[in-house]
Structure formats: C-alpha cells, structure tokens
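The next block holds one structure in the form of structure tokens; read it before the comments.
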Amino acid sequence: MKLSFISASTIACLLGFSAIGQKGGPEVKNLKNINPNAIKATMTFLADDLVEGRQPGTRGFAVASKFVETQMMRIGLKPAMPDGGYIQPVPLKKGIVSEKLTAMTLGEETLTYGQEFIASPYMPQSESSVSAPLVFVGYGISAPEMQYDDYKGIDVKGKIVVFFNAAPESFLSNQRAYFTTNPVKYNEAIKRGAVGVIAVNFPNDKRSTWEATVRRTKQGTFKWLNKERQPNDAFPVLKAVATFNPDKAEKLFAKSGKTFASAVESTKAGKAESFDLNIQANIKVNTQFTSVAGSNLVGIIEGSDPKLKDEYIVYTAHLDHFGIGAPVKGDSIYNGAHDNASGVAILLEIAQTFKNLQEAPKRSIVFTIVTGEEFGLLGSDYFASNSPLNGKIVADLAIDMPFFFHPVLDIVPYGAQHSSLNQQVEKTAKILGLGISPDPFPEQVVFIRSDHFSFIKKGIPSLFIKSGFKTIPSDTIDRSKSDVGWRSSIYHTPQDDMSQPFDFDAAATHVKVNYLIGYYVAQDSKSPDWNVGDFFGGKFGKK
Numbered sequence: 000m001k002l003s004f005i006s007a008s009t010i011a012c013l014l015g016f017s018a019i020g021q022k023g024g025p026e027v028k029n030l031k032n033i034n035p036n037a038i039k040a041t042m043t044f045l046a047d048d049l050v051e052g053r054q055p056g057t058r059g060f061a062v063a064s065k066f067v068e069t070q071m072m073r074i075g076l077k078p079a080m081p082d083g084g085y086i087q088p089v090p091l092k093k094g095i096v097s098e099k100l101t102a103m104t105l106g107e108e109t110l111t112y113g114q115e116f117i118a119s120p121y122m123p124q125s126e127s128s129v130s131a132p133l134v135f136v137g138y139g140i141s142a143p144e145m146q147y148d149d150y151k152g153i154d155v156k157g158k159i160v161v162f163f164n165a166a167p168e169s170f171l172s173n174q175r176a177y178f179t180t181n182p183v184k185y186n187e188a189i190k191r192g193a194v195g196v197i198a199v200n201f202p203n204d205k206r207s208t209w210e211a212t213v214r215r216t217k218q219g220t221f222k223w224l225n226k227e228r229q230p231n232d233a234f235p236v237l238k239a240v241a242t243f244n245p246d247k248a249e250k251l252f253a254k255s256g257k258t259f260a261s262a263v264e265s266t267k268a269g270k271a272e273s274f275d276l277n278i279q280a281n282i283k284v285n286t287q288f289t290s291v292a293g294s295n296l297v298g299i300i301e302g303s304d305p306k307l308k309d310e311y312i313v314y315t316a317h318l319d320h321f322g323i324g325a326p327v328k329g330d331s332i333y334n335g336a337h338d339n340a341s342g343v344a345i346l347l348e349i350a351q352t353f354k355n356l357q358e359a360p361k362r363s364i365v366f367t368i369v370t371g372e373e374f375g376l377l378g379s380d381y382f383a384s385n386s387p388l389n390g391k392i393v394a395d396l397a398i399d400m401p402f403f404f405h406p407v408l409d410i411v412p413y414g415a416q417h418s419s420l421n422q423q424v425e426k427t428a429k430i431l432g433l434g435i436s437p438d439p440f441p442e443q444v445v446f447i448r449s450d451h452f453s454f455i456k457k458g459i460p461s462l463f464i465k466s467g468f469k470t471i472p473s474d475t476i477d478r479s480k481s482d483v484g485w486r487s488s489i490y491h492t493p494q495d496d497m498s499q500p501f502d503f504d505a506a507a508t509h510v511k512v513n514y515l516i517g518y519y520v521a522q523d524s525k526s527p528d529w530n531v532g533d534f535f536g537g538k539f540g541k542k
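Put into structure tokens, the structure is as follows:
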C-alpha cells in the first residue's frame with residue numbers, strides 16, 4: 000500500500016497529475032496548465048540582488064512591487080482599489096533602537112547591549128525609561144479556558160515581568176502558538192499592571208539563536224498607522240520591552256534564591272511558580288523613527304454567481320524581506336528566496352490557473368501581495384482591518400515558504416482542524432494523492448507566524464499549508480531533520496537565495512493544492528464556518 004501511494008504521488012509530481020486530470024472536472028483538468036518554470040522565473044527575479052532584499056520603504060521593495068503589479072496586469076486580474084489600481088497604501092512608521100543611547104542596569108551592574116540584552120523600539124515616542132523591580136511569571140500566560148494561570152497569587156503592578164518566550168507543552172499545538180504571541184502576553188501584563196517586560200528564550204531554542212535575534216533587531220520595527228496617524232499595537236503602557244540572552248539569564252535570578260536552570264526545568268515540566276526576583280532593573284530606550292510609504296497589491300477575479308460574487312476567498316503572500324543587513328558569511332543582502340519570493344511566485348501561478356478556467360468560480364477570488372510580514376504581519380493586518388472589498392471575506396489561504404526541497408507527498412494544513420475548510424482540504428488531498436500530517440514541531444509555533452493569522456483574528460477561517468516530511472524511496476535524507484536544519488542555518492540569513500536545491504515540480508504541487516482548495520470553497524453553497532466549540536472560533540468568530 001505504501002509503495003503504490005508513493006509511486007502514484009511521484010508519477011503525479013513528474014507528470015503534473017495528468018492521469019488525474021483526465022478523470023476530474025474542469026478544475027482538475029486545468030492542473031495540466033500549471034507551469035513550474037513560471038514559478039522559478041518569478042522567484043529568480045524577486046530573489047535577485049537587484050531588489051536588495053525587498054525591505055519595506057526601500058528602492059528594492061518598490062522595484063519588486065512594480066514587477067508583481069505588472070504580472071497582475073499580464074494575468075488579467077481586476078484592480079481592487081477604489082481608484083482603479085492595484086496598490087493599497089499602507090502607512091508605516093519604522094523605529095530603530097539607538098544602541099549607544101539605550102541602556103540597562105541590573106542592580107548595580109551595567110549590562111552590554113547585544114551581549115546580555117536587546118530592546119524593542121518604543122514606538123509612541125523617541126525616549127522611554129523605566130525603573131522597577133523584576134518578577135518572574137513563568138510563561139506570562141493567563142488562560143482560564145486551559146486551567147492555567149502564571150499570574151495566580153503574584154502582584155506585578157508597577158513591576159517589570161520576566162517570562163519565557165514560549166507556552167506550555169500541554170496546550171494543543173495551535174493554542175500553544177496563540178499564547179506564545181507577543182500581543183497576548185503584553186496585554187496580559189498590562190492588564191495586571193506591569194510597566195515593562197523582559198522575554199527570555201529557553202536555552203537551545205531551535206527557533207532562533209541569540210546571534211540571529213540580535214541581527215534581526217538591527218533591522219528595526221515597523222507599525223502601521225491608524226487614521227489618527229498613531230502606531231497600531233504599540234503598547235505605550237510598557238515603557239520597555241527587552242529580550243535577554245539566555246546564556247546570561249542567570250543574572251536575572253541571582254538575588255532570588257533560585258537558579259535560571261531550575262526555572263527552566265520547572266516551567267517546562269508544567270510546574271512553574273511565579274516569584275519576585277528581588278532585583279531592580281533600570282532600562283532606557285532611545286528610538287529613531289522614519290516614516291515609510293508601505294503598500295499592498297490587490298487584484299480580483301470576479302465570481303460568476305450573482306449572489307455569491309460578493310463573498311471573497313483571499314489568497315495572501317508577503318513580498319517583503321529584511322533588505323540589506325548584518326553580513327553573514329560575507330553576504331549582506333537578505334534575498335528571501337524561499338521566504339517569501341516562493342510564496343509570491345506560487346500565488347501568481349494560482350491566479351493564472353484560475354484565469355485559465357473557462358468559467359470563473361462562483362465566489363470572487365482575491366490575490367493580495369502584502370508588505371511587512373517579517374515585521375509583525377503588518378500588511379495583512381492592515382488589509383484585514385481596512386479591506387477595500389465591497390463584500391464579505393469568507394476564507395484566507397496564506398502562501399509562505401511552503402517547503403519544496405523535495406517532492407511533496409503529504410501536507411500539513413495549519414488551521415484545517417478549526418473549521419469546515421477541512422472538508423476542502425481532505426477532498427483536495429484525495430484528488431492529488433497526498434497524505435495529511437499533523438504539526439511536526441509544535442514548539443515552532445508555525446500557526447501564528449504567517450499572514451493567515453491576521454484573518455483569523457478577524458474571525459475568518461483560514462489555512463496555511465506546508466509540505467510534510469514523507470519522501471520517495473530513493474531519498475536517503477531525513478527530511479524532518481533537513482527541513483528543521485534549514486530553519487536553523489539558512490532561514491532569515493543572506494544564504495536564502497536561488498542557489499538552493501529547489502524542486503519546482505514540488506512548488507507546482509503547492510499551486511495545485513491551494514488552487515483546488517480555494518476553488519472548492521468558492522463553489523460551495525455554504526461559506527466556511529468554525530467548528531462547534533472551537534477555541535479560535537469562540538475567541539474571534541463573532542468579529
């Protein structure tokens with residue numbers, strides 16, 4: 000059984016599912032038109048040094064955006080904006096911490112920026128400072144619905160809370176991801192009266208090394224501006240938001256009578272206890288600001304059904320990356336080939352595949368190329384909060400470095416278990432002969448790390464699909480290790496360029512998966528809905 004499944008999937012990858020296409024409806028027959036070389040061509044341009052890493056507000060981003068805009072024209076997408084264009088302006092404010100003017104003392108000891116701590120920009124104004132005692136609060140999570148509360152029995156009013164940048168392993172994968180997010184933790188700290196936060200990663204956290212975290216901070220922070228020109232999600236009550244090097248974190252616990260190692264052990268074991276650290280911190284943050292004229296691109300294929308065409312399925316991919324930054328192995332251009340030139344290229348090929356249909360789907364299909372994902376899902380959050388569409392968004396599918404270094408034999412559909420979208424996922428997987436696998440590494444909190452999460456927060460059922468680790472018999476590489484290894488060695492470095500061994504037939508599989516799911520959602524008489532009793536449906540579904 001295993002051999003026949005692999006054989007069928009491998010043949011499908013090589014032949015474009017031509018055999019399946021002969022048996023299916025027009026949407027399946029249309030799969031034969033998908034062009035892997037088109038994906039490669041788009042990626043090659045967007046990941047070239049010419050566009051300088053595509054950081055928002057730079058010439059490189061503008062060049063990349065203009066290229067994508069012309070591709071939307073070529074495909075024949077209808078401009079979505081009221082002015083008849085594709086461009087949705089996204090006003091941004093960029094803040095970069097001035098390292099020389101930013102300082103932290105712990106008791107009597109003056110700490111070194113970049114070695115022991117880093118600070119996030121304070122977005123409301125250029126100068127911010129706080130002097131307060133430290134309190135350790137485990138994960139910094141209060142979740143009554145999960146029978147969990149790190150703040151039970153501890154007073155943090157007027158204090159700086161110290162917490163681990165993670166969530167309990169006992170939580171289900173996507174709930175764990177949700178409670179890991181900064182806004183959730185910051186809002187809980189503010190609710191309890193805290194005036195600052197210090198986050199610490201667990202030692203050997205596979206999501207990012209300390210060195211990578213420092214490099215990332217040097218790129219600055221962006222926030223989108225509301226109608227009052229104030230930064231969204233700026234958390235002005237928190238006068239300092241810092242991150243501490245886990246290799247130096249023993250200093251935080253030096254006066255508490257407990258050790259950092261014991262705090263790690265007890266927290267991971269689900270036995271975290273909150274306690275005063277008996278030490279005062281003084282933190283001063285200086286931030287330099289720049290106004291940035293950010294932008295999304297939005298194109299539409301109008302639905303064919305008179306009643307359903309005002310309901311929208313949105314595809315989202317982010318165009319931005321980190322631009323030019325700290326050199327790694329002699330290279331300072333963060334090309335972002337897989338993250339996320341790949342997603343933009345796949346999205347454009349999905350759009351072309353829809354346009355190849357003789358009749359448009361019943362619901363309208365929207366294609367959004369968004370900015371600022373790397374800086375907090377900004378473009379998608381702005382779009383979801385300021386939609387130019389005259390109708391209802393019923394689903395979102397995000398395309399973001401879906402992994403295609405090997406043939407795709409199974410998929411990991413983040414979000415499918417929360418809504419009726421799972422029906423279209425299962426139908427598509429069956430047609431394409433693909434397996435469906437669970438989240439292979441919940442500690443990576445993938446569910447909250449791409450643009451679909453902006454739509455979930457607005458109560459819209461959404462999907463984010465990655466490839467799984469199943470491989471063909473001739474593949475001697477353990478993909479569960481190599482794909483995770485990619486995250487620790489290539490992800491968010493200048494080495495994410497077009498020299499990598501991409502499998503563009505596998506990339507085409509991602510086009511097929513996302514295209515068919517969206518098509519079947521568009522044709523369904525019922526719009527997607529949250530499952531009864533679902534955590535995210537209960538938290539956001541009424542918005």
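For the sequence shown, position 193 matches number 192 in numbering that gives the first Met the number 0, and the numbering has no gaps at all. All C-beta atoms, glycine included, are put in the ideal place defined by N, C-alpha and C. Treat the numbers as computed from the prediction; the structure is a model and nothing was measured.
Query                                                                                                                                   : Result
Residues that DSSP places opposite L356 in a beta bridge                                                                                : Answer is none; L356 lacks a bridge partner.
Nonlocal neighbours in the same chain, by C-beta distance under 6 angstroms from F259, ignoring five residues either side               : A248, E249 and F252
Inside the stretch 234 to 262 only - beta strand (DSSP E) runs reaching at least 3 residues                                             : 239 to 243
Where G322 sits in the DSSP three-state scheme                                                                                          : strand
G520: first and last residue of the uninterrupted alpha helix (DSSP H) it sits in                                                       : Note on identity: in this sequence residue 520 is Val, with Gly being the wrong assignment. Taken as a continuous stretch (DSSP letters only), the alpha helix (DSSP H) holding V520 covers F503 to Q522.
Cβ-Cβ separation, Y85 to G298 (assumed contact under 8 angstroms), whole Å                                                              : 6 angstroms
Nearest residue (CA-CA) to F366, options F404, N295 and D338                                                                            : N295
Alpha helix (DSSP H) runs contained entirely in the stretch 179 to 216, provided each spans 4 or more residues                          : 181 to 190 and 209 to 216
Run of the alpha helix (DSSP H) containing M567, from where it starts to where it stops                                                 : Past the boundaries of the shown model lies residue 567; the chain is included only from 0 to 542, so the question cannot be answered.
8 angstroms contact criterion, which F503 and K39 should meet: CB distance rounded                                                      : 5 angstroms
Under 9 angstroms between C-beta atoms of A428 and I410                                                                                 : yes
Beta-carbon contacts of F468 that lie in its chain and below 6 angstroms, excluding the five residues immediately before and after      : R478 and S479
Given 8 angstroms, three or more beta-carbon pairs between the stretch 152 to 170 and the stretch 342 to 350                            : no
Contained beta strand (DSSP E) runs [length at least 3] in the stretch 334 to 404, N- to C-terminal order                               : 363 to 369 and 391 to 397
Nearest-angstrom Cα separation, counted from K28 out to Q21                                                                             : Below a pLDDT of 50, predicted positions are generally treated as unreliable, and Q21, at 46, falls in that range; no measurement from the model is reported.
V531 burial status per 10 Å Cβ neighbour count (16 or more: buried)                                                                     : exposed
Residue range of the alpha helix (DSSP H) that includes N421                                                                            : L420 to L431
E565, DSSP secondary structure in three states                                                                                          : The question about residue 565 has no answer, for the chain in this structure spans 0 to 542.
Q87 - partner residues in DSSP beta bridges                                                                                             : N295
Distance, L408 Cα to L433 Cα                                                                                                            : 5 angstroms
Short Cβ contact (9 angstroms threshold) for E373 with H317                                                                             : yes
Contacts around F234, its chain only, beta-carbon distance under 6 angstroms, and the 5 residues preceding and following it disregarded : Y185
K217 beta carbon less than 9 angstroms from that of A325                                                                                : yes
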